[in-house]
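So that you can map any letter, position 30 of the sequence shown is 29 in numbering that gives the first Met the number 0, and since no number is skipped, the others follow by simple counting.
Just so it is clear, CB atoms sit at the ideal spot from N, CA and C, and this is done for glycine as well.
On a predicted model such as this, the values are computed, not experimentally measured, just so you know.
First comes the structure, then the notes that go with it.
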Amino acid sequence: MLISKYLVEPRLFATLPPDWRWVFGREAPLEVEIGFGNGEFLAEVASRHPENNYVGFELTLTCIEKAARKFHAAGLTNVRMVRLDGRFGLRELFPDASVRRVIVNFPCPWPKARHAERRLVNEEFARTLAAVLEPGGAFELTTDALFFAEEAKGNLEATGCFDVQGPREIQGEPRTRYERKWRSQGRAIYRLVAEKAAPAKIERIAEGRMPHVRLKTALDKEDIPKVVVGLKEVWPRGAFVVKEAFVAPVGDEVLLRAFATDGDFSQHFFISVSKDRKGWIVQLDSATVPFRTPAVKRAVYAVAEHLQKEGNI
Ligand SMILES: C[S@@+](CC[C@H](N)C(=O)[O-])C[C@H]1O[C@@H](n2cnc3c(N)ncnc32)[C@H](O)[C@@H]1O
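Dropping the structure here:
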């Protein structure tokens with residue numbers, strides 16, 4: 000109950016980006032925090048600014064639960080959480096020029112060169128910021144990792160869309176658990192603020208429509224696994240593979256477990272191949288609701304094409 004009050008599941012929305020006025024029940028300036036950890040900063044800023052709506056992205060469930068307790072204890076109504084990679088979330092869940100401020104406190108710095116692509120503020124994220132921030136809106140990064148802040152500055156400036164201030168060393172009371180931790184170890188803390196001066200164009204890939212295909216062929220459910228397990232396609236910006244199949248003991252249904260990637264965003268999901276009065280249909284199974292990205296849609300259509308081709312087996 001505590002969590003459901005604050006947790007938003009955007010995969011269930013019929014249209015993306017969602018209408019945040021509807022989610023919050025009011026229209027107000029939107030601010031976003033990515034990687035909010037235990038939610039300390041988000042709870043504090045949302046309490047101090049009841050005039051704004053806040054959306055936080057976080058990956059770990061423990062953090063989501065801790066944050067929900069804080070929001071509830073503070074009686075907040077102007078904050079929501081999404082359990083999702085903030086890079087994907089910021090791009091897919093917010094229209095252009097709709098966010099006033101994006102805040103990132105102590106992102107995982109991934110200092111090893113071989114992990115560089117996992118760093119949050121990459122070139123694509125910088126372009127996303129330039130698209131979704133309002134004119135004059137700002138991105139604020141606070142970190143103990145100076146190399147990270149400098150790399151972020153380079154990526155932000157490369158878009159040609161920002162006035163970047165910093166990174167500058169800052170003093171003052173710690174705002175988050177990680178800030179307390181690093182200050183207690185005597186580390187310096189840096190802040191970078193990038194104000195949006197010009198917009199950028201970005202491509203969004205998730206949409207609400209559920210892909211489904213009716214087959215014009217007869218199938219024997221026992222043969223379906225042989226045809227589609229291992230089916231795989233790889234293209235420059237994505238890939239999918241059908242990992243395994245479960246044949247229902249009763250009724251005409253086969254569930255396919257699949258995996259798809261779009262750029263650096265990966266999803267597991269099920270595809271259902273089932274028969275009703277009109278014949279066989281291939282569609283996303285409702286047990287897992289992925290974002291309907293190009294790779295997910297391609298997986299559904301490829302399974303259907305394959306079954307159609309191998310029909311009457
Ligand atoms: C080092 S912790 C900092 C937490 C908090 N901001 C603080 O300062 O105490 C980084 C947090 O970011 C989350 N995180 C990492 N990558 C993320 C991503 N791509 N999207 C959303 N959250 C992410 C992690 O789960 C973790 O809780």
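- Just so you know, the alpha carbons of TYR300 and VAL212 end up roughly 7 Å apart.
- Annotation: the continuous beta strand (DSSP E) that includes PRO166 extends over 161 to 168.
- Within the stretch 212 to 242, the runs of beta strand (DSSP E) that reach at least 3 residues and sit entirely inside it are, in chain order, 231 to 234.
- Within the same chain, Cβ atoms closer than 6 Å to the Cβ of GLU139 are found at ILE102, VAL192, the five residues on either side in sequence being excluded.
- In this structure, DSSP gives LYS308 a helical state, which the three-state scheme calls helix.
- Collapsing the DSSP output to three states places ILE204 in coil.
- Residues VAL227, ILE270, VAL281 of the same chain have their beta carbon placed closer than 6 Å to that of VAL302, with the five preceding and five following residues left out of the count.
- Relative to ligand 1, the beta carbon of TYR177 is positioned inside 7 Å of a heavy atom.
- As far as DSSP is concerned, GLN184 takes part in no beta bridge.
- Using a Cβ distance threshold of 8 Å, LEU306 and LEU218 count as a contacting pair.
- Classified as exposed, ALA112 has fewer than 16 neighbouring CB atoms from the shown chains inside 10 Å of its CB.
- Approximately 5 Å separates the beta-carbon atoms of VAL272 and VAL253; this is inside 8 Å, confirming the contact.
- Rounded to the nearest angstrom, the Cβ distance from GLY237 to THR260 is 6 Å, consistent with a contact under 8 Å.
- With a cut-off of 7 Å, the C-beta of GLY34 is classified as near ligand 1, since at least one heavy atom of the ligand falls inside that distance.
- Restricting attention to beta strand (DSSP E) runs no shorter than 3 residues, the stretch 249 to 300 encloses them at 252 to 261, 264 to 275, 278 to 283, ordered along the chain.
- Only residues of its own chain outside the window of five on either side were considered, and among them ARG126, ALA129, ALA130, THR158, CYS160 have a CB closer than 7 Å to the CB of ALA199, listed in chain order.
- Annotated as distal: VAL288 and ARG82, with beta-carbon spacing of 8 Å or more.
- The shortest CA-to-CA distance from LEU1 to any of LEU255, LEU60, HIS71 is the one to HIS71.
- Counting of Cβ neighbours within 10 angstroms places ALA298 among the buried residues, the total reaching 16 or more.
- The C-beta distance from GLY74 to GLY55 rounds to 17 Å, too long to meet the 8 Å contact threshold.
- The beta-carbon separation of PRO106 and THR142, rounded to 7 Å, stays under the 8 Å limit for a contact.
- Restricted to the stretch 101 to 175, the beta strand (DSSP E) segments that are unbroken, complete and at least 3 residues in length are 132 to 142, 161 to 168, listed in chain order.
- For ARG86, the enclosing alpha helix (DSSP H) has its first and last residue at 85 to 92.
- The beta carbon of GLU206 is closer than 8 Å to those of THR14, LEU15, ARG291 in its chain, skipping five residues each way along the sequence.
- Around the beta carbon of PHE35, 16 or more other beta carbons lie within 10 angstroms, which makes this residue buried.
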